[in-house]
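Single-structure report; data block below.
Numbering (the numbering used here), first residue to last: 746 to 833.
Written as structure tokens, this is what we have:
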């Protein structure tokens, strides 16, 4: 009974958010919504997927890129409302 309730909650939270299929090692561009004061814009974080963890609504992935000779890693929740789109 409890698993059915959790599954309904997960489906409701994922509604309208179909993520593209990508795997570890794929190059992706993550379009992230950034709100600054009363303005908002979309910032692109491009790099290589180095991990995917979790499942369902809790699934997340980590992207690594090089920025001015320094490695930068950022972890995103897959179904986050701040992600505008993901390009593979």
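Just so you know, even glycine gets a beta-carbon here, dropped at the ideal spot from N, CA and C.
In this text, all values refer to a predicted model and were calculated from it rather than measured experimentally.
Legend entry - Sequence-distant residues of the same chain with beta carbon closer than 6 Å to residue 817, five excluded per side: For residue 817, the CB contacts under 6 Å within the same chain, skipping 5 residues up- and downstream, are 810 in chain order.
Inset, instruction - Take residue 815 as the anchor and find which of 792, 754 and 798 has the nearest alpha-carbon. - result: 792
Inset, instruction - Can you give me the Cβ contacts of residue 770 inside the same chain, cut-off strictly under 7 Å, excluding the 5 residues immediately before and after it? - result: 793 and 794
Inset, instruction - Just mark residue 808 as buried or exposed, buried being the case when its beta carbon has 16 or more other beta carbons within 10 Å. - result: Result: buried.
Legend entry - Status (buried if at least 16 other CB within 10 Å, exposed otherwise) for residue 775: Counting the other Cβ atoms within 10 Å of the Cβ of residue 775 gives 16 or more, which makes it buried.
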